[in-house]
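Structure first, then comments.
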Amino acid sequence: MFGFQFISPRQLREKGILGMNRRNIHYIGCHNDRKNFPLVDNKLKTKQIAQQAGIAVPAMIATIKNQSEIKHFEEMIKGINGFVIKPAHGSAGKGILVIVGREGNNFIKPNGEKLTLKDIQKDISGILSGLYSLGGKYDVAMIESLVEFDPIFDNYSYEGVPDIRVVVYRGFPTMAMLRCSTKESDGKANLHQGAVGVGINLATGKPINAVQHNRAVSIHPDTGYDFSKLKIPHWEKLLPLAASCYDITQLGYLGVDIVLDKNLGPLILELNARPGLAIQIANREGSVPRFELIDKQAMNLSVEERVQFSVENFGQ
Amino acid sequence: MSSRLQILVVTIFLSSLGIAVALYKGLALGIPFTPNETTSIYRLGAKISFKAKDEPIKISLAIPSNQNGIKILSQETASQGYGYNIATTEQGQRAEWTKRESTGQQSIFYSVDVVMDKNHHVKIPDELPSDKTEENLDEWDSQTRDAAEALLAEVHSHSADDYSFTAELLKRVNEEKSSQLLSLFKTKDSYNLEKIVYKLLRYKGIHVRIVNAITLEGNRQNMNLKPYLEVYDGKNWQLFSLKKGKVIKPKKLFIWQRGGVSLLDSFGTENAKVKFSISQRLVPIKEMVLEDSLAKKSMIIDLSLFALPTSEQNAFRHILLIPIGALVVVFMRIIIGLRTSGTFMPILLALAFMETKLVTGLILFVSIVGMGLIIRSYLSHLNLLLVARISSVVIVVIGIMSIFSIVSYKLGINEALTITFFPMIILAWTIERMSILWEEEGAKEVYMQGGGSLLVAVLAYFAMSNELVGYLSFNFSELLLVVLSIIILIGRYSGYRLFELIRFNPVKEF
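Residue numbers (the numbering used here), protein chains in the order written: chain A, 0 to 315; chain B, 294 to 803.
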């Protein structure tokens, strides 16, 4: 019909594919308490509770809450060459300014563009006035130290930030996916914009399958590197980090975005209370059977026990 | 109670309540379920004309009352300078006109509006005959009397009871042979056929009365009421037509006068006579039922939207369509999986389309949003705060709308003037959202969501502008409870969306 290929609903159900409606009613609706949403929608809060719980996050340099503090910006970053400025309420990477180095009085962006102090102060002013937040409410600008990305991903990413999305259901890591930006996705790691999603085996950290626009690919479209040769380092540290985010947010259906720092290892970049469905295609598996298996488990397990369970059962 | 069970109970309760009230209004109160159902209202006019004799005048006319399946909606009279009142007598109601003095040719008009049910037929009320007068044939000469006696004897021998006697007698007086006999009576007197038959039947001791009726059909002028006979056999009444005999379940017959002495009585007049006219007009059933129900203070109607002033009713005609649009949006988003820009923007768009008509509306919408986007892209260079930016877009939209109206009016394209029906604030937000979408997700997403919104708006427009839907949503607004329960049910639909069947198609290979 209309040149589209349809799959029958029965076949989807047999494969255990989670659909949007079911996700909203049975997973987000039942397991994510509305009052906990601000914990993930406000990145400043996420960072605070993560730091309190001893969860690894990119270090915080400073926060700017009102316009009068902007003039102190230069003092805040004294002696720091690389940093990231982001709005606490931004979503999907909006309003994030990355500075990789300085040259005299100028600040250098990853693409080589030079900014003056005034330019950056204007950007911060924009963040505070709510330029990037939902509904235009007043926002807070966070200044974080720059993550030094693990060079292992250099060959698998075009311009942007490669990150690992782990879906954590009731504290159990359920599925993982590496998101590689492409030229088409404009350096962003969003799959619907053309980024490549690589499903990752929970037990080994090795790739299962890579997809772009819902179609299987074997090499990165821009760099030409073969995804099957990839292995994610620090995998044994990564899953406990993801699983522990459940304990600080109490969100039963959670997406955890992790980046790998060359020196610090895995760091929590962002949490998401409404993780998407594309991870199933990257993993070539539906997530419903995994959720149902987790539903049968006791809820008082420690982080290590939960990770152990996931590695044993979801290691394919 | 589990939430699944609760939803089942709530939706069943809501939809059965809605359907029950709708059925009550439809079946018991008679509000039609489809628009434009019409019924005939018959106006029966009586014109009394006479010559006044310079003395006090009193005119009395028998007037009809409600009867099985036929309702009198109103009665009125036109009688310049006459006193008018209605008297109730043993033989039914009479209208009376009085005047101290008058001269010359006079006319009095009296009319009733009646309406007939679909399942109407003449039903004679269960009452005992009141006609106790004895009749004899003394006023006729012996020759006529003998002829009459002979006829009655003949009829008697050919009949079994009062009904068959009447039928036989009517048959014979209508036959040619006895017509001659009848002409004998007629030459003696100015007796009408019904009066002769009445006299003969009463003479034989049969309970009978004359009714004057009119057939509810067509438009006619200057006619007389048609006499019928009703015969009582000790248990029931039976209607007889003078020409055709026994009439069973007669239709379309409106009894003007039943029994009684005379149709028209007059004092102080010369040549008083009454002529009847009938005229038929079609009216929507709904209006008639509503007037009737409001007049009778039927609670369910009195506490409904119909009790509001007309202008508010018209506002609600639009408001009550919004749930239909919402149903379309809910269906398209949850079952089909179409993305729209702004949840209810398509409904407001559909409401605007209803005023502008579809094609004009689409052209206007696309051109305003298109121009708005161009101007908005310039505004985004200025790096304004959100509230100021939206406000600027609102002003730009108003500017575009004004220029559009002026230019198109000068060019003689009056359709474009309906542009004012577009909700400006919604347009401004649409432009704002589309432009952010453009910057963040690219043009493809703008076309997807914009196209999705327009498609949903067009579908909602078709649903909302449907005549039957509009009629039912206003006149049977309780059916919106059914819409509500459908929306609640769809709200719990956890199955796959149609578009997900395409999106997840690669799953086939897993």
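Cβ coordinates follow ideal geometry from the N, Cα and C atoms, glycine included. This one's a predicted model, so the numbers in the text were calculated from it and none came from an experiment.
In this structure, DSSP gives histidine 191 of chain A a helical state, which the three-state scheme calls helix.
Those residues of the segment 626 to 651 of chain B placed with their C-beta closer than 8 Å to a C-beta in chain A are Ile627, Gly630, ordered along the chain. Cβ-Cβ distances below 7 Å link isoleucine 719 of chain B to Met638, Leu641 in the same chain, with the five nearest sequence neighbours on each side left out; the list follows chain order. If the five residues before and after lysine 542 of chain B are omitted, its C-beta is found closer than 8 Å to the C-beta atoms of His414, Val415, all from its own chain and listed in chain order. Pairing lysine 113 of chain A with valine 97 of chain A gives a Cβ-Cβ distance that is not under 8 Å. Taking a cut-off of 8 Å on C-beta distances, the segment 556 to 573 of chain B touches the segment 347 to 355 of chain B, as three or more cross pairs fall below it.
Note: tyrosine 252 of chain A is bridge-paired with A:Tyr168 in the DSSP secondary-structure output. Near chain B, meaning a CB-to-CB distance below 9 Å, the residues of the segment 2 to 30 of chain A are Phe3, Gln4, Phe5, Ile6, Ser7, Pro8, Gln10, Leu11, Arg12, Lys14, Ile16, Gly18, Met19, Asn20, Arg21, Arg22, Asn23, Ile24, His25.
Interface annotation for the segment 92 to 110 of chain A against chain B: Lys93, criterion Cβ-Cβ distance under 7 Å. Between the alpha carbons of valine 165 of chain A and glycine 28 of chain A lies a gap of roughly 20 Å. Chain A has no Cβ within less than 8 Å of the Cβ of tyrosine 740 of chain B. In the DSSP assignment, glycine 376 of chain B falls within the unbroken beta strand (DSSP E) covering 376 to 382. Residue pairing by DSSP places isoleucine 661 of chain B in no beta bridge whatsoever.
The C-beta distance from arginine 790 of chain B to isoleucine 24 of chain A rounds to 13 Å, too long to fall under 8 Å, and the pair is not in contact.
For a cut-off of 8 Å, the C-beta gap from leucine 666 of chain B to methionine 741 of chain B is around 15 Å, too long to register as a contact. Put simply, the CB of leucine 678 of chain B is near chain A, with a gap under 8 Å to one of its CB atoms. For the segment 780 to 797 of chain B, the beta-carbon criterion of a distance under 7 Å to any beta-carbon of chain A is satisfied by Arg785, Tyr786, Ser787, Gly788, Tyr789, Arg790, Glu793, Leu794, Ile795, Arg796, Phe797. With the rule of 3 Cβ pairs closer than 8 Å, the segment 429 to 436 of chain B does not count as touching the segment 390 to 401 of chain B. Taking a cut-off of 8 Å for Cβ pairs, the segment 527 to 537 of chain B and the segment 305 to 312 of chain B do not touch, as fewer than three such pairs fall below it.
Excluding the 5 residues flanking it on each side, lysine 85 of chain A has same chain C-beta neighbours closer than 6 Å at Ile95, Met141, in chain order. Cβ atoms of valine 99 of chain A and glycine 78 of chain A stay farther apart than 8 Å, at about 16 Å. Per DSSP, the continuous alpha helix (DSSP H) segment holding valine 39 of chain A begins and ends at 36 to 40.
Of the residues assessed, asparagine 208 of chain A falls on the buried side of the cut-off, its CB having 16 or more other CB atoms within 10 angstroms. Residues of chain B with a Cβ closer than 8 Å to the Cβ of serine 128 of chain A are, in chain order, Leu678, Leu679. Burial of phenylalanine 106 of chain A is indicated by the presence of at least 16 other C-beta atoms within 10 angstroms of its C-beta. For cysteine 244 of chain A, the closest of A:Phe5, A:Arg101, A:Ser301, A:Pro161 by C-alpha to C-alpha distance is A:Ser301. DSSP lists no bridge partner for proline 150 of chain A. If you draw a straight line from the Cα of phenylalanine 624 of chain B to the Cα of lysine 34 of chain A, it is about 29 Å long. Taking every protein chain shown into account, the CB of valine 689 of chain B has 16 or more other CB atoms within 10 angstroms, so this residue is buried. Fewer than three Cβ pairs drawn from the segment 288 to 306 of chain A and the segment 758 to 770 of chain B lie within less than 8 Å of each other, which leaves the two stretches out of contact. When DSSP states are grouped into helix, strand and coil, glutamine 51 of chain A belongs to the helix group. In terms of beta-carbon proximity, proline 602 of chain B stays away from the interface with chain A, with every pair separated by 8 Å or more. DSSP, read as helix, strand or coil, puts glutamine 398 of chain B in strand. With the rule of 3 Cβ pairs closer than 8 Å, the segment 592 to 612 of chain B does not count as touching the segment 365 to 384 of chain B. Segment contact: the segment 375 to 388 of chain B against the segment 314 to 324 of chain B, fewer than three CB-CB distances shorter than 8 Å; contact not assigned.
Within the same chain, Asp32, Asn35 come within 7 Å of glutamine 249 of chain A by CB-CB distance, once the 5 residues on both sides are set aside.
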